[in-house]
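Here's the structure we're looking at; comments come further down.
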Amino acid sequence: MHCVCMKSIDNRKLLFLDIHDSNDLIHKVQTLYEASFPEDEQVPFEILLEQSKNEISDIYAIFDTDIFVGMLCTVYDADIVFLWYLAVEKSLQGQGYGSQILRDIANIFTSQRLILNIEEVDMHVIETVKRKQFYVNNGYKESGFKTEEYGVVYEMLSYRGKVTYAEYERMMRKYSGDEVFERIYK
C-alpha cells in the first residue's frame, strides 16, 4: 500500500493512504465523499476510482494515527496538482485538520502549483463565504477565472502561482476525454 506520512510542528502525524489495496479504505472514502459533496457536484465514485488507477489521478484516505480524518482526490498534469475533492469527517471539522491537510499537501508536492475549485461565493450563503476565507487563510489566491460544470459555477483558487484556464482545460480534457469535457464544462 502506498503511504505518504507527514509530521507537523504540532506533532500531529497525518497519513495519506492510497485506497486501492483496501476495500475498507475504499468504503470509508466513498461514504465521506458522498456525504460531503452535493450530488450534482459529484462525479460517480466508480469513475474516480477507475481513473485513480492511472498516473493522472490518486485518491487518498487521510488518517491521524488510527483515526480516519478525511479524503483527497487529486488530478495531475505537468507541474499542476488539482485538489479536486477534499473533505474532512464532519465530527472532526473545526479541529485544524483541514489546514493541516493543506500544509501537508504543500509539503508533499513541493514544486507543483496547487489548485482547487470552490463554489462561487454567494454573500447570502455563509458557507460559501467561510469556505473561501478558509482557503485564503491557508495561502490560496484567486486565479482570475471561473468554470461552470452542470450549472454550478466554481471559482479557481491556486497556491504557488496562478494556473490559466488553458492549463486547467488541458488537464481536465486529459482526465475526462474531449467528448465528456465538452458536455460538462463551460
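Okay, so the sequence shown: first residue is 1093 according to the numbering used here, each after it adds one. Just so it is clear, CB atoms sit at the ideal spot from N, CA and C, and this is done for glycine as well.
Based on the DSSP output, what are the partners of Leu1206 in its beta bridges? Val1173, Tyr1251
Suppose the cutoff is 6 angstroms on Cβ atoms and the five residues either side in sequence are ignored; what does the same chain contact list for Lys1099 look like? Confidence is the limiting factor: at Lys1099 the pLDDT is only 41, short of 50, which leaves the residue's position unreliable and the question unanswerable from this model.
Measuring alpha carbon to alpha carbon, tell me which residue in Ala1153, Ile1207, Ile1218 is nearest Thr1123. Ala1153
Is Asp1150 helix, strand or coil by DSSP? strand
Distance check for Phe1108 and Ile1207, CA to CA, integer angstroms please. 18 angstroms
Distance between Tyr1251 and Tyr1232 (C-alpha atoms, nearest Å): 5 angstroms
Looking at the secondary structure, which residues open and close the alpha helix (DSSP H) in which Phe1273 lies? 1270-1276
Name the two residues that bound the continuous alpha helix (DSSP H) containing Glu1234. It is not in any alpha helix (DSSP H) - Glu1234 instead sits in the beta strand (DSSP E) that spans 1233-1241.
Proximity to Pro1136 [Cα-Cα], best of Glu1147, Gly1186, Val1121: Val1121
With DSSP as the reference, label Phe1129 as helix, strand or coil. coil
Looking at the strands, I want to know which residues DSSP matches up with Phe1160. Phe1155
Once the 5 residues before and after His1094 are set aside, which same chain residues still bring their CB inside 7 angstroms of it? At His1094 the pLDDT is 49, less than 50, meaning the model places this residue with poor confidence and gives no usable figure here.
Would you kindly check if the distance between the Cβ of Ile1210 and the Cβ of Arg1223 is under 8 angstroms? yes
Does the beta carbon of Ser1114 come closer than 8 angstroms to any beta carbon on chain D? This model lacks chain D altogether; it includes just one protein chain.
Alpha carbon of Val1167 to alpha carbon of Trp1176, nearest angstrom: 7 angstroms
Shortest alpha-carbon distance to Gly1253 belongs to which of Ile1151, Tyr1242, Lys1145, Phe1174? Phe1174
Taking the alpha carbon of Ala1179 as the reference point, which residue from Gln1204, Ile1172, Asp1171, Val1161 has its own alpha carbon closest? Val1161
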